[in-house]
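**Student:** Sharing a structure, written as structure tokens. Questions coming.
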Amino acid sequence: MPDSTRREAEDRSEEGSVSLPDLGDSIDAVTFEQILEMDDDEDDREFSRSIVFGFFEQAEQTFKKMDDALKAGDLAELSSLGHFLKGSSATLGLTKVKDSCEKIQHYGQKKDEAGTADEPDEKKCLERIEETLVAVKEEYAEVEKVLKKFYGS
Amino acid sequence: MDKGGDMGGSAANNSSDFVRKLYKMLEDPSYESIVRWGEGGESFVVLENEKFTKSILPKHFKHSNFASFVRQLNKYDFHKVRQNNEDNTPSPYGPNAWEFKHPEFKANNKDSLDNIRRKAPAPRKPAQSMDDPYPAQQMDLVNSQLMATQQQLQHLSERYQDLAQGHVVLLQQVVQLQKFVKNHDGAMHRVMGFLHSIDAQRRNSRIGGPFGGAGMGNGDPMSNDGLIDDHPASPLQQASELLDEFSAENLPNKELEQMTHEYHLRNDFSTPPNDQGGSSMAPHSDNSSTHIGYPVGNDLDNMVYPVGHTNGIDPINSEHIHNIPYALPTNGMLAGDSMTEMLPEGGLASSRKKSTVESVWGMTKPRILLVEDDKVCARIGSKFLQAFECGVETARDGLEAVNKINNGANQFDLVFMDIIMPHLDGVSATVCIRDIRPTIPIIAMTSNIRADDIDMYFRYGMNDVLPKPFTKEGMLRALEKHLPQFKKNAQFPPSSMPHAGGFVTPGPAHPPLGLNVGQLSAAQSLKEEASPGKSPATATSWQSPNQLQGTSPIGAPSNYMQQQMGDNRPYTMTPTHPHPQSSFPASQTQGSMGNPRTAPHRRVMSDMTGGAPEDHTEKRQRMYPPPQGAFPQ
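Same order as they appear, the protein sequences are chains A and B.
With the first letter of the first sequence counted as 1, position 122 gets the number 122 in this note's numbering; the numbers rise by one all the way through.
With the first letter of the second sequence counted as 1, position 175 gets the number 175 in this note's numbering; the numbers rise by one all the way through.
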């Protein structure tokens, strides 16, 4: 259940982390910290850096594909793209991006935001995806900025 | 008298021809002087035998044979009335008269003639008539009995075969356990030898002043080696030589493997026709072939990499992990230690703990297949898994996952499976994998964790759900939950696991197999690594403990075991016999020549623990990373 995971994520972020720089509220510290822990060298952070920048690449490609699918009115493709980006953003702890991707996934399935009620109106779904896509790009831009700053590039 | 009365005229037809003729004849008054009813009418009398035979018999009975007539009468149970000559009362009918009587043959009582029957048939007759019904019935009976017996026999032979197989498996386990004991013994001797040598060095330092005393002896064994020309092999070398011999005895493993495999096939346990057989058998045959050749060749280069074929090593295969000679824990310095490491007995758990303090797992680390289409997730996931010391392979979609399982059905111990993936989704992939690996834990890794989703995952054969975004802890919990057998305090060593899913009976047969391989690899590594390390210990006094203690425990028990095995399965142990005999003395000769071969290989003991794995990484392609961390990507 997305709600429960979100709650879980929030719970974890409340515990917080003192050792790491403030990454803002759009990144779940605990989740992201897990990845940072995997770095062998805390100075160059080779592993997490490659993951994060790999994600940037992936996210931008996905956004482009989403734009195209939106133009084509391909709800199924939008849903699948939303699901795809949801997975990686969630794994990195990018909660806001993840939530928006989930919404896109649900809208693409002709459902409401939470994916619980059906929304038969395709046009409405496409409109909602369009809105959400704008939002998720902004959210993404924010975390990208924070992360790029964190990695010093 | 009135007996025959009630039978009445109803039975007129029943009376015999002969009796009616007789009666009719007696009714004829013209025969009065020749044959007539006796007085009282209860018998008849033949008065004139000759006349009767000549004139009357032919008329009534179509023959003129008085004897036949009498026989006939006898058949109908007529009896000749005896004349009592003794008491001098003359017969009323004259001396030559024949009087016959039958209780039912009376004058004026024609009806009772019906009661006169021929006497009971001859005893032969009933037997013959009874014979007729027998053949059909009896044949059926016998046939069915035969069938039943045959079936029983078949059942029995089947059971016997099963039992025999189980017996052999058990026997081999026993033998392997015995080998364990022997190995242990050998290690003990080695330690003894080491102590002896230290002792001897102390003595040497007193005698051999020129070499600079005890410190010299310890620090530079080479000089000792060169000067003392008849000292025996270093205890370590002897010990590893000794342990090495057991590698030859590894042969039965192949048989055991084959046997269990056959058993596996016989039980028809959803074996994939091609892959399972190929993948599980090929590595084993690699194993055994190397073990056959290895002790014979006694080539040190081979020992560095005991499995002859590079491509035979699969990092994901526990057998190979066991086979890698350096996969010893950090404190596996002494053979005794490293061997106890392999022992499943709980009593030795303490030494095991020491070796892998930071690790959750025992000697064998689980191998995980991570199926995830998203690169970011896959990388993080495999990084986590590697941090848990798991072997990790990734598949980008369900199709690739199924292929990977297909190509090495036993390579993996657990699958983390994303659900929504291109080409083949995780649930469908699970269904496919279940055909090949019915029991491998498959854990759904997804953010779609609504109750009905989860229900579906379970329905299609998944074992658990790891909600996304997955956490390190969640992943580890899932691993620990589903791979308890790999945990270091697990009762059953994980080497049994690649097959354990497949069948029940042969399962227990595998731990000793894995153990044995592991133990042997330990022995091999020791031979190469440790014996030079121990070379400081070489000294003259080693000779006696080695020869006395080294040879005898090996020779006798192995012979004994071979006999035992030979009785049951001749092939199991036979190849081992030559090695203990041939290679052991060889090592002694080698030893007495001053260890020229081992000297270049000498390495300090600490090398074995940390240094060794790095030294040989180039030789172990795709090898499972050493437990110390440092996971090469």
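Beta carbons are placed, not taken as given, at the ideal position from N, Cα and C, and that holds for glycine.
Just so it is clear, the structure is predicted and the values come from calculations on it, not from any experiment.
1. For M445 (chain B), which residues does DSSP report across the bridge?
2. Looking at V146 (chain A) and G54 (chain A), is the spacing between their C-beta atoms short of 8 angstroms?
3. For L414 (chain B) and I433 (chain B), I'd like the C-alpha separation in whole angstroms.
4. If the cut is a Cβ gap below 8 angstroms, which residues of chain B does S88 (chain A) touch?
5. Could you name the residues of chain B that G93 (chain A) contacts, counting a contact when the two beta carbons are closer than 8 angstroms?
6. Could you tell me which uninterrupted beta strand (DSSP E) segments, each at least 3 residues in length, are contained entirely in the stretch 367-428 of chain B, listed from first to last along the chain?
7. Which whole-angstrom value is the C-beta distance of Q105 (chain A) and G87 (chain A), which I expect to be below 8 angstroms?
8. Under 8 angstroms between C-beta atoms, does G54 (chain A) make it to chain B?
9. Terminal residues of the continuous beta strand (DSSP E) containing Y43 (chain B)?
10. Under the three-state reduction of DSSP, which class applies to A612 (chain B): helix, strand or coil?
11. Could you tell me how far apart the beta carbons of K111 (chain A) and E122 (chain A) are, in whole angstroms, since I believe they sit closer than 8 angstroms?
12. Would K481 (chain B) and F47 (chain A) qualify as a contact pair, given that the criterion is a beta-carbon distance under 8 angstroms?
13. Got a sec: is the Cβ-Cβ distance from S447 (chain B) to anything in chain A below 8 angstroms?
14. Near R128 (chain A), which residues of its chain fall below 7 angstroms by C-beta distance, leaving aside the five closest residues on each side in sequence?
15. Closer than 8 angstroms, Cβ to Cβ, to anything on chain A: give me those residues from the stretch 404-421 of chain B, in chain order.
16. Shorter than 8 angstroms from the beta carbon of I380 (chain B) to some beta carbon of chain A?
17. Closer than 8 angstroms is the cut-off here; do at least three beta carbon pairs connect the stretch 399-408 of chain B with the stretch 456-464 of chain B?
18. How would you call K365 (chain B), buried or exposed, if buried means at least 16 neighbouring beta carbons within 10 angstroms?
19. Enumerate in chain order the residues of its own chain whose CB-to-CB distance from G145 (chain B) is below 6 angstroms, with the five nearest sequence positions on each side excluded.
20. Using a C-beta cutoff of 8 angstroms, does K383 (chain B) count as contacting chain A?
21. Go through its chain and collect everything with a Cβ distance to S100 (chain A)'s Cβ below 7 angstroms, but skip five positions before and after it.
22. Is A387 (chain B) close to chain A, meaning its C-beta is less than 8 angstroms from at least one C-beta of that chain?
23. In chain order, what residues of the stretch 27-38 of chain A put their CB closer than 9 angstroms to some CB of chain B?
24. Round the Cβ separation of V19 (chain B) and L113 (chain B) to the nearest angstrom and send it over; I've been treating them as touching at under 8 angstroms.
25. In whole angstroms, what is the alpha-carbon distance linking Y151 (chain A) and V143 (chain A)?
26. How do the stretch 33-43 of chain B and the stretch 100-109 of chain B stand: do at least 3 beta-carbon pairs fall below 8 angstroms, yes or no?
27. Comparing C-alpha positions only, which one of B:V81, B:W98, B:E39, B:A429 sits nearest to A67 (chain B)?
28. For M561 (chain B), is the classification buried or exposed, using 16 other Cβ atoms within 10 angstroms of its Cβ as the cut-off for buried?
29. Going by other Cβ atoms of all chains shown within 10 Å of its Cβ, with 16 needed for buried, is Y160 (chain B) buried or exposed?
30. So, is G381 (chain B) buried or exposed, given that buried needs 16 or more other C-beta atoms within 10 angstroms?
31. On the DSSP bridge list, what partners appear for R118 (chain A)?
32. Taking DSSP as the reference, what is the three-state secondary structure of R49 (chain A)?
33. Which residues of chain B have a Cβ atom closer than 9 angstroms to the Cβ of Q154 (chain A), listed in chain order?
34. Helix, strand or coil for A556 (chain B) per DSSP?
35. Spatial neighbours of V161 (chain A) within its chain, please: C-beta separation below 6 angstroms, excluding the five flanking residues on both sides.
36. Could you pull the DSSP bridge partners for H79 (chain B) from this structure?
**Tutor:** Concretely, from the data shown:
1. For the purposes of this step, residue 445 (chain B) is taken as residue 445 along the second sequence, with counting starting at 1. Bridge partners of M445 (chain B): B:D418, B:L466.
2. Locating residue 54 (chain A) in the first sequence gives position 54, counting from the first residue. Locating residue 146 (chain A) in the first sequence gives position 146, counting from the first residue. No. Outside cutoff.
3. As a position in the second sequence, residue 414 (chain B) is number 414, starting the count at 1. As a position in the second sequence, residue 433 (chain B) is number 433, starting the count at 1. Spanning the two alpha carbons is a distance of roughly 11 angstroms.
4. Counting from 1 along the first sequence, the entry for residue 88 (chain A) is found at position 88. In chain order: D374, K375, V376, C377.
5. Your numbering for residue 93 (chain A) matches position 93 in the first sequence. Near G93 (chain A) (Cβ distances below 8 angstroms), the residues of chain B are P469.
6. 367-371, 391-395, 414-418
7. Within the first sequence, numbered from 1, the residue matching residue 105 (chain A) stands at position 105. Within the first sequence, numbered from 1, the residue matching residue 87 (chain A) stands at position 87. Actually they do not touch by this definition, with Cβ atoms about 10 angstroms apart.
8. As a position in the first sequence, residue 54 (chain A) is number 54, starting the count at 1. It does: the Cβ of G54 (chain A) has a partner Cβ on chain B nearer than 8 angstroms.
9. On the second sequence, position 43 is the one that residue 43 (chain B) refers to. The residue you asked about is not Tyr; residue 43 (chain B) is Ser in the sequence shown. That run of the beta strand (DSSP E) goes 43-46.
10. As a working note, residue 612 (chain B) is residue 612 in the second sequence. Bear in mind that a pLDDT of 40 at A612 (chain B), under 50, signals an unreliable position, so the number given afterwards is only what the model happens to contain. DSSP places A612 (chain B) in helix when its eight states are reduced to three.
11. Along the first sequence, read from residue 1 onward, the residue named residue 111 (chain A) stands at position 111. Along the first sequence, read from residue 1 onward, the residue named residue 122 (chain A) stands at position 122. Actually they do not touch by this definition, with Cβ atoms about 12 angstroms apart.
12. The residue given as residue 481 (chain B) occupies position 481 in the second sequence. The residue given as residue 47 (chain A) occupies position 47 in the first sequence. Not in contact: K481 (chain B) and F47 (chain A) (Cβ atoms no closer than 8 angstroms).
13. As a first step, residue 447 (chain B) is located in the second sequence; it is residue number 447 there, counting from the start. Yes, its Cβ sits closer than 8 angstroms to a Cβ of chain A.
14. Position 128 of the first sequence, counted from the first residue, corresponds to residue 128 (chain A). Around R128 (chain A): Y107.
15. D418, I420
16. In the second sequence, the residue the question calls residue 380 (chain B) occupies position 380. Closer than 8 angstroms: yes.
17. no
18. Against the second sequence, residue 365 (chain B) aligns to sequence position 365. K365 (chain B) should be labelled buried.
19. Taking the first residue of the second sequence as 1, we reach residue 145 (chain B) at position 145. Note that residue 145 (chain B) corresponds to Gln in the displayed sequence, not to Gly. Short of 6 angstroms from the beta carbon of Q145 (chain B), and not among the five residues preceding or following it, lies no beta carbon of its own chain.
20. For this step, residue 383 (chain B) is matched to residue 383 along the second sequence. It does; some Cβ of chain A falls within 8 angstroms.
21. Your numbering for residue 100 (chain A) matches position 100 in the first sequence. Hits under 7 angstroms: T132, A135, V136, E139.
22. The count along the second sequence starts at 1 and reaches residue 387 (chain B) at position 387. Between A387 (chain B) and chain A, the shortest Cβ-Cβ separation is below 8 angstroms.
23. D28, V30, T31, Q34, I35, E37, M38
24. In the second sequence, residue 19 (chain B) corresponds to position 19, counting from 1. In the second sequence, residue 113 (chain B) corresponds to position 113, counting from 1. Yes, V19 (chain B) and L113 (chain B) are in contact; Cβ-Cβ is about 5 angstroms, under 8 angstroms.
25. To locate residue 151 (chain A), count along the first sequence from 1; it is residue 151. To locate residue 143 (chain A), count along the first sequence from 1; it is residue 143. Y151 (chain A) and V143 (chain A): Cα-Cα distance of roughly 12 angstroms.
26. yes
27. Position 67 of the second sequence holds residue 67 (chain B). Among B:V81, B:W98, B:E39, B:A429, the Cα nearest to that of A67 (chain B) belongs to B:W98.
28. Your numbering for residue 561 (chain B) matches position 561 in the second sequence. Per-residue confidence for M561 (chain B) stands at a pLDDT of 42, beneath the threshold of 50, marking its modelled position as unreliable; the derived number appears in the next sentence. So M561 (chain B) counts as buried.
29. If you number the second sequence from 1, residue 160 (chain B) lands on position 160. Y160 (chain B) is exposed by the Cβ-count criterion.
30. For the purposes of this step, residue 381 (chain B) is taken as the residue at position 381 of the second sequence. G381 (chain B) comes out buried.
31. Walking along the first sequence from the start, residue 118 (chain A) turns up at place 118. At residue 118 (chain A) the sequence reads Asp, which differs from the Arg that was named. Answer by DSSP bridge pairing, in chain order: A:K111.
32. Start at 1 with the first residue of the first sequence, and residue 49 (chain A) comes out as number 49. The three-state secondary structure of R49 (chain A), taken from DSSP, is helix.
33. Nothing in the structure corresponds to residue 154 (chain A), since chain A is present only between 1 and 153.
34. For this step, residue 556 (chain B) is matched to residue 556 along the second sequence. In this predicted model, A556 (chain B) has a pLDDT of only 40, less than 50, meaning its place in the structure is not dependable enough to derive any value.
35. Nothing can be reported for residue 161 (chain A): it is not among the residues displayed for chain A, which extend from 1 to 153.
36. Against the second sequence, residue 79 (chain B) aligns to sequence position 79. Partner(s): B:K101.
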